[in-house]
Every structure is written in C-alpha cells, then in structure tokens.
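Some notes on the structure that comes next.
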Amino acid sequence: MAVKLALFCFLPVLGVNAQDLPPRVDAVGFPFARNTALGGAHVGLDGDFSSIFTNPAALVGAAPRKNYAELAIDIIDIDLITHMMTTDDPLSEFASLLVDNFEADLDIGGPLALGAVGSDNRYGYGWGLFNVSRFGLSWNREQMLMISATLTEEFTLAGAYGLRLYDGLDAKFDLGITAKTFLRAGYRSSPLFIQQIKYILQDLLEMPFETQLGAGFDIGFRWTLVDSLSFAAVLYDPFSPVWVNQYSEMGKISAQETIASGRMSVRPRASAGVSWKMLSPFWHRYFNDITLSVDYLGLLENLSENPRDPLLNISAGCEIRMLKVFWLRAGFKDMQPAGGIGINFTFMNVDVSVYRKELGTRPNQYVTWAASVNISFRD
C-alpha cells in the first residue's frame, strides 16, 4: 500500500514542469544537541548513533547500541517566531533588523528515531528510521514587506556500513557509505505580506502543497593513529535526486492536479576534520575522556549560489566525559561560541546545548541565539 501511494503521488513528475520549483532541495538530517554543543558534526569523532548522518566510516569500532525513540527540539530565533505570530503589528518587529536577511526555525525530531549501530574489528553498521517536523520563517531586504514560511514533515530511512581496509600496528583506515531515502511533504509558501503571517496556520489548506521523494548516499573515510588521532573526510549527497510535485492545495493530490513538477537534487557538501582523544595518565585520573576536534565544513561552498565567508565554515569542539555518565561540551562555529551538557540516566540520555548562530554570509552580519534539547531512549 505504501508503494502504491508513493507512485500515485509522484507519477506526475514524468511530465516535467520545474520552472516554479527551487533549484536545490534541502538535505535531510536529524537535530542532535551534542553536535550543536560541539560546534558542529565532527567527522573524526568515534562512532555513535549520529554517525549514520555524520560519517559512516566511524561506525567501525562503535559500541553496540539500540535507539528506541527520541525527542529532539532545535530552536533558532524562536523569540522572533513568537512575536510574529502573536503581535497585532508585525511590522514593528523589523525595526531593529537592518540586515540583508534573517531566518527563524523550529525543528522537532522524533519521536520516531528507531535504529541501531554495532561493529566488530573489521566492519561497522548502522540503520535508522527518523521523522522531523520543521517550521521556518525567512525574509530578505529585496522584498522588505514580504515574508516566506515553510511547514514540512519528513521521514528518512538510512542505512550505513563501514569497512576497515587497513589494520596496522599503530594505524587504521576505515571507509564507509550511507544510503538513504526520504519522503518530505508540506507547505512552502510564496512570499506573504507581513501582516498575514499571524493567520498562516488558518490559511494552510488553501496554500500550495509540495511533496518530495528522494534518495542518495554519503561516503567517508577515517584514518586513526595509535587509537588517538583521527583524520576524516565525508562527501555528502554527491548524487541525490529528488522527485518533486507541487499542488495548488493539499486536497488536489487525489485528483493529481499539479502546478509544477520535476526532478531536483540535493546540493552536495563536503567536510574534513581531525579529532584527538587525549590518552594521558594524568588526565585519566580525573576524566574518562577528553576529545578535541577541528573541522572545515565548506569544502564545496564555492558551488553554492551565495557562498559564505570561509571563516564561517571553521568548526571546533571539546568534549569531556566524567564518571562515564556526564559530559561537558564546548564548541565554536560560525565564529560564535557554543556549549552544552549530556547526562546518561541508563535508560535514557539527555543532551542540552545553547549556541550562537550566524544567519548571514559574513561574520557578525546577523547573529542570533539558538538552543537544542535531545531526550533519547536507548540501551
């Protein structure tokens, strides 16, 4: 039945009419508070459940773990969203925003985050089924009195496999690949007059409805010296086609009345980094682990239409594990600080982070506060 429904929704894409569709489709993922606390998803870190999205090569040697459910909330400039939806005069909210653009997002991951990771000395594996609800507002100076809104739900099924190609006395080399498919559906409105934004939830049924069905893969490697120093790189979505259908409203899906359809793609990205797990008898007296990481996230940034300043792609993080159940984290990304904690309650993990995020293309162009919380149930 699911296969028939998918074919029914996406068969019209054979008649391509993509002029009204965006040139690229957003990549799928899942909000992990640990990553935002560390300044980003560092590709050289040891494998865990998030490695399915971060670096499949890191799954070789990962401790076996099952994830049953997870609730993740990632908030970017939620104060702006609240004011826009409740005030009688949304125009007043823009008085202090003398910038080129801004963005406010609320991402809620889960409760579907079902999966597992495991490994032996030669290979590692991971799989997961995820859902994420996303709500966002965006504005740019070119259309000063207009604002765009998105409200989508996405489901992702991903499987990852890592293989140890070299296992020497003091060095190891691992290669990994992640295959994924996703379904995303929701509303991507054309720019609205600012005064209309507080009524957007009431008008959704009359807005264009969009469906996206995509597939793709990531590939990465990890080279580790003396079980301490790791060099890694990952290429994300080198080929990830997405079949897109847009309907005048959600009720037109059954009648197959599309207003635009076509095959898009996810913009490829690449990251490289180094992580160092400090193996010191002195430090080990007080802490179980101390890990330092530095990454560069924008190796393919020049392919984007509006590339960011190269400094904004530098990411650094430090994680300290104490008593095997408590983590302190600090990070640096977008030329801004980040921090957070993690607590293992045996039957569940709680991760919290607070960070600053640059929404512009230059340092300190438009910086806002953001926060993430993850509650995961795993063993």
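Numbering of the sequence shown is given in the working numbering, commencing with residue 7 and proceeding in unit increments. Beta carbons: idealized from backbone N, C-alpha and C, even for Gly. Just so you know, these numbers come straight off a predicted model, no measurement behind them.
Do you know offhand how far residue i's Cα is from residue j's?
{"i": "Asp301", "j": "Val49", "result": "8 Å"}
{"i": "Asp83", "j": "Ser277", "result": "26 Å"}
{"i": "Val232", "j": "Asn319", "result": "28 Å"}
{"i": "Leu143", "j": "Gly174", "result": "51 Å"}
{"i": "Thr264", "j": "Leu219", "result": "15 Å"}
{"i": "Leu103", "j": "Val373", "result": "Below a pLDDT of 50, predicted positions are generally treated as unreliable, and Leu103, at 49, falls in that range; the measurement from the model is reported next regardless. In a straight line, the C-alpha of Leu103 is about 11 Å away from that of Val373."}
{"i": "Leu305", "j": "Ile347", "result": "29 Å"}
{"i": "Val138", "j": "Ile79", "result": "10 Å"}
{"i": "Ser299", "j": "Thr230", "result": "13 Å"}
{"i": "Arg71", "j": "Glu325", "result": "20 Å"}
{"i": "Ser391", "j": "Arg30", "result": "With the chain represented from 7 up to 385, any question about residue 391 goes unanswered, as that position is not in the structure."}
{"i": "Val272", "j": "Ala122", "result": "26 Å"}
{"i": "Thr367", "j": "Asp126", "result": "43 Å"}
{"i": "Glu255", "j": "Phe215", "result": "5 Å"}
So what's residue i in DSSP terms, helix, strand or just coil?
{"i": "Ser57", "result": "helix"}
{"i": "Arg314", "result": "coil"}
{"i": "Leu305", "result": "coil"}
{"i": "Gly323", "result": "strand"}
{"i": "Arg170", "result": "strand"}
{"i": "Gly257", "result": "helix"}
{"i": "Leu298", "result": "strand"}
{"i": "Ala212", "result": "Here residue 212 turns out to be Glu, not Ala, going by the sequence shown. Helix, per DSSP."}
{"i": "Thr42", "result": "helix"}
{"i": "Pro29", "result": "coil"}
{"i": "Leu51", "result": "coil"}
{"i": "Leu175", "result": "coil"}
{"i": "Pro1", "result": "The displayed coordinates of the chain run from 7 to 385. Any statement about residue 1 would go beyond what the structure contains."}
{"i": "Pro343", "result": "strand"}
Any idea which residues DSSP pairs residue i with across the strands?
{"i": "Asn73", "result": "Gly121, Arg384"}
{"i": "Arg362", "result": "Trp375"}
{"i": "Met328", "result": "Phe332"}
{"i": "Ile79", "result": "Ile114, Val379"}
{"i": "Phe188", "result": "Thr162, Gly220"}
{"i": "Ala278", "result": "Ala239, Tyr302"}
{"i": "Phe141", "result": "Leu112, Leu157"}
{"i": "Val250", "result": "Gln218, Gly268"}
{"i": "Leu135", "result": "Leu120, Leu163"}
{"i": "Val356", "result": "Ile349, Ile381"}
{"i": "Phe227", "result": "Leu181, Ala239"}
{"i": "Phe245", "result": "Its beta-bridge partners do not exist; DSSP assigns none."}
Q: Would you check if the stretch 154-169 and the stretch 43-63 touch, i.e. whether three or more CB-CB distances between them fall below 8 Å?
A: Inter-segment contact for the stretch 43-63 and the stretch 154-169 is present: three or more beta-carbon pairs are separated by less than 8 Å.
(Q) Pairs of beta-carbons, one from the stretch 249-263 and one from the stretch 279-298, closer than 8 Å: are there three or more? (A) The count of Cβ pairs closer than 8 Å, one atom from the stretch 249-263 and one from the stretch 279-298, stays below three, leaving the stretches out of contact.
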